[in-house]
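Q: Numbering (the working numbering), first residue to last: 27 to 607. No residue lacks a Cβ here, since even glycine has one placed at the ideal position from N, Cα and C. Owing to the predicted nature of the structure, the values given are computational and were not obtained by experimental measurement. Shown below is the structure under consideration.
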Amino acid sequence: MLESNEMSQRTSAPLMKRTSFKVLVVIETAVIGFIALGLFGMLIERYETARDTIAERTVIARASEVYIAILSATPPTATATNTSTATRTSTPTKTSTPTTTFTPKPSTTPTLTSAPTLPRDTATPRNTATPRDTSTPRNTTAPVDTALPPTPRPTDSPSVAWKNITSCGTIDSSGSYRLLNDVSANGECISIKASYVILDCFRNAVRGTNFAGHGIAIRKFGLFNSQTPGYVEVRNCRVSGFRDGIYAEAGDHLVIRDNETSHNYDDVDPATKFGKFLGMTDGSGIRLNNVTSSQVLNNTTTNQAIGIDIRYSNGISVRSNTASQNSAWGINFLRTQNSEAVGNTTADNVRKCTWGAGTIGWGCDAGGIVIQDGSNGITVARNQVIGRNGNGVFIKAHALPCGSNNAILGNTITGVYYNAVELGFCTGNRINDNQIRDGLDGIWLGYAHDTEIRGNTISGMRNHGIISGNSYGNTVTGNQIISSNEGLYFFGEEYDRSAFSWLPPGDYKSHDNCLCGNTLQSNAIAVHLQDSTRNQVTNNTYVGNARTFLVQGNSDGNNLQGYDWRSPAEKLFVAFRDFGR
């Protein structure tokens, strides 16, 4: 019996082991299966999250790309003017998915005061010839239509969910955000530290209390702020009371549109508009620093130092904005390349200051559109530069060569205190097909060469239609200069070369300019040359000028077609001789 039991146990032991092994295999297989299913589910969840994030970012990027596409379009060109051919060919222009967080800040409501209406006082002129009154009426020809076609607007995808904002704070993840109410801050209010962001204020106000910080700031982010935000759009915001209304520390493919940024920091007295003579200043409605391939569209920016301030940037399009009643500049480009200001309105950008001789007056190097400190390849086209701007379009330098290869095309510039267009220390700029009326000087250039001034209509200048000092190799052709004190005035004067040590090498005297194929009508003096040599003054049409030529000082090598070089005594002698015959 014992032997039978032992035999049975020996027989059942392997069977139990085999059964246990099968059960273990089944359990392990089930566990592995559950783990695999869990991993697969997690992968599916992450895939769906990534897909949704990509879809959301794609919608935002596509919305912005509608605007950015304008940058790839052909730049605006001036309409050709039907004029006589110049005797010398002009020098060509050179070509050169995290969790959304929003940190609230305490807020207070500021009290805003409106800026005073700009008085229209008489300007204090620069050291230029005393203007002479003429009885000939000014030109009343209507300017050409410079309206731009409407700018396309993107539409938001209904699949994008809005994330609501009700207070100041930081946006640090991608998405579409909407401001539900007015907000205020003593310092920076809304900071954007992410890419692929749309911020729509829905016309709600962002107010500052002491002109400090920025109302809305687009900032670098990531480890050591190493990431530059891209595809960020800010729209429909009303920003006031800050150092800068909307500010970008850096960015790529930004769109700033349909905002009202007014009554931000200004360095002048708000009651009198009195401030310093302009070198450089700060305080703006919109400011972009170190930004590329971006657009500023259809904004209204008034009553601060600078309306729209673009610095150290490339490929910026400033279109269809109103930048008026600022104390320094309506639109400012500083050390910026390959950008444009097209179809904007800038009016009454001016301040009062103490001039060098102690005289207090309006002007002070303020202006409608300013291109400063080596900004190159800027197109300024089809803008309305109207009202009492200090200057109209101003290419300016601060102890640096000013911008080259810029184009000022098809603008209407009227009523400036001083110069409708001014540039100095520049080369290769074009000033073509502009309508210029009622200022001190129409086009002023100094220490400039290889400039093309073509097809402009200039009328009613108190001093000069076109004035040029110490400039050479410029082509002035196809212009109409009407009812001004002097039509064309080109002069040379001695200067201290060490004071302009930053100028490129060159003979900065007045010589070898082509003043050809222009129409000069009803001016006190049509052409005035003083110590200006080897110029071609040919194929011009003179109608009803009080005097055609005034030539003073060194006039060696000039070709003045139609000019009588005889002395007054010789002319009188010939007149008596011919009368006796």
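Comparing alpha-carbon positions, which option in 213, 488, 563 lies nearest residue 236?
A: Answer by Cα proximity: 213.
Q: Going by beta carbon distance, what residues of the same chain come within less than 6 Å of residue 574, once the five residues before and after it are set aside?
A: Answer for residue 574: 552, 568, listed in chain order.
Q: Since residue 195 sits in a beta bridge, which residues does DSSP pair it with?
A: BP columns for residue 195 point to 216.
Q: Alpha carbon to alpha carbon, how far is residue 116 from residue 316?
A: Note that residue 116 scores 39 on pLDDT, short of 50, meaning its location in the model is unreliable; the coordinates nonetheless yield the value given after this. Straight-line Cα distance between these residues: approximately 35 Å.
Q: Within this structure, are the beta carbons of residue 200 and residue 222 separated by less than 8 Å?
A: Yes.
Q: What is the DSSP secondary structure of residue 589, counted as helix, strand or coil?
A: Three-state result, residue 589: coil.
Q: From the DSSP secondary-structure annotation, give me the bridge partner or partners of residue 519.
A: None, per the DSSP bridge assignment.
Q: Sorted by chain position, which residues of the same chain lie with C-beta nearer than 8 Å to residue 102's C-beta, five sequence neighbours on each side aside?
A: Low confidence applies to residue 102: its pLDDT is 39, below 50, so where it sits in the model is not reliable enough to give any reading.
Q: Rounded to whole angstroms, how far is the Cβ of residue 512 from the Cβ of residue 489, which I believe are closer than 8 Å?
A: Rounded, the Cβ-Cβ distance is 7 Å, consistent with contact.
Q: Could you spell out the range, first to last residue, of the beta strand (DSSP E) harbouring residue 493?
A: Start and end: 483 to 495.
Q: If we ignore side chains and look at the alpha-carbon of each, how far apart do residue 295 and residue 269 end up?
A: Computed Cα separation, rounded: 16 Å.
Q: So is residue 396 buried or exposed if we call it buried at 16+ other beta carbons inside 10 Å?
A: Residue 396 should be labelled buried.
Q: For residue 255, which residues of its own chain have a beta-carbon under 6 Å away from its beta-carbon, when the five flanking residues on both sides are left out?
A: Around residue 255: 221, 244, 277.
Q: For residue 171, which residues of its own chain have a beta-carbon under 6 Å away from its beta-carbon, when the five flanking residues on both sides are left out?
A: With a pLDDT of only 37 at residue 171, under the threshold of 50, the placement of this residue in the model should not be trusted; the figure read from the coordinates follows. Correct list: empty, nothing qualifies.
Q: Measure how close the beta-carbons of residue 329 and residue 289 come, nearest whole angstrom, since I'm counting them as under 8 Å.
A: Confirmed, about 5 Å.
Q: Is it buried or exposed for residue 9, if we count other Cβ within 10 angstroms and need 16 for buried?
A: The question about residue 9 has no answer, for the chain in this structure spans 27 to 607.
Q: Roughly how many whole angstroms lie between the Cα atoms of residue 247 and residue 312?
A: C-alpha separation (whole angstroms): 21 Å.
Q: Using 8 Å as the Cβ pair cut-off and three pairs as the minimum, do the region 484 to 502 and the region 514 to 528 touch?
A: Flag = yes, the region 484 to 502 and the region 514 to 528 touch.
Q: Across which residues does DSSP place residue 393 in a beta bridge pair?
A: Per DSSP, 355, 417.
Q: Taking just the CA atoms, how far does residue 233 sit from residue 335?
A: Looking at the two C-alpha atoms, the distance is approximately 20 Å.
Q: Would you say residue 466 and residue 487 are within 8 Å of each other, going by their C-beta atoms?
A: Yes, Cβ-Cβ distance for residue 466 and residue 487 is below 8 Å.
Q: Taking the beta strand (DSSP E) that residue 12 belongs to, which residues open and close that run?
A: Residue numbering for the chain in the displayed model covers 27 to 607; residue 12 lies beyond these limits and cannot be assessed.
Q: Using DSSP with H/G/I as helix, E/B as strand and the rest coil, what is residue 275?
A: Of the three classes helix, strand and coil, the one that applies to residue 275 here is coil, per DSSP.
Q: Can you grab the Cα-Cα spacing for the pair residue 374 / residue 302, in whole Å?
A: If you take the alpha carbons of residue 374 and residue 302, they lie about 17 Å apart.
Q: Determine, using beta carbons only, whether residue 399 and residue 360 come nearer to each other than 8 Å.
A: Going by C-beta atoms, residue 399 is nearer than 8 Å to residue 360.
Q: With a floor of 3 residues, list each beta strand (DSSP E) that falls wholly inside the region 362 to 393, ordered by position along the chain.
A: Runs of the beta strand (DSSP E) inside the region 362 to 393: 366 to 368, 371 to 373, 377 to 380, 386 to 389.
Q: Starting from residue 243, follow its DSSP beta bridges and name the residues at the other end.
A: In the DSSP output, where bridge partners are listed per residue, residue 243 has 217, 273.
Q: Sort 504, 238, 453, 215 by Cα distance to residue 231 and report the nearest one.
A: Closest option to residue 231, Cα to Cα, is 215.
Q: Which residues in the same chain as residue 176 place their Cβ atom closer than 8 Å to its Cβ, once the five residues preceding and following it in sequence are excluded?
A: Low confidence applies here, because residue 176 scores a pLDDT of 39, under 50, leaving its location unreliable; read the following figure in that light. Excluding sequence neighbours, residue 176 sits near nothing in its chain.
Q: Quick one: Cα of residue 372 to Cα of residue 229, how far?
A: Near 23 Å, if we compare the C-alpha coordinates of residue 229 and residue 372.
Q: Drop a sphere of 10 angstroms on the beta-carbon of residue 446, count the other beta-carbons inside from all chains shown, and report buried for 16 or more, exposed for fewer.
A: So residue 446 ends up on the buried side.
Q: Quick check on the burial criterion: 16 or more other C-beta atoms within 10 angstroms. Buried or exposed for residue 52?
A: Classification for residue 52: exposed.
Q: Among the residues of its own chain, which have a CB less than 6 Å from the CB of residue 510, if the five just before and after it don't count?
A: Closer than 6 Å at Cβ, skipping near neighbours: 487, 491, 549.
Q: Just to confirm my understanding: we take residue 306, look at its own chain, exclude 5 residues before and 5 after, and list those with CB closer than 6 Å. What are they?
A: Counting only Cβ-Cβ distances below 6 Å, and skipping sequence neighbours, we find nothing.
Q: How long is the line joining the alpha carbons of residue 178 and residue 479, rounded to whole angstroms?
A: Confidence at residue 178 is low in this model, with a pLDDT of 37, below 50, so the placement of that residue is unreliable and no value is reported for it.
Q: What is the DSSP secondary structure of residue 104, counted as helix, strand or coil?
A: Because the pLDDT at residue 104 is just 38, under 50, the model does not fix this residue reliably, and the point stays unresolved.
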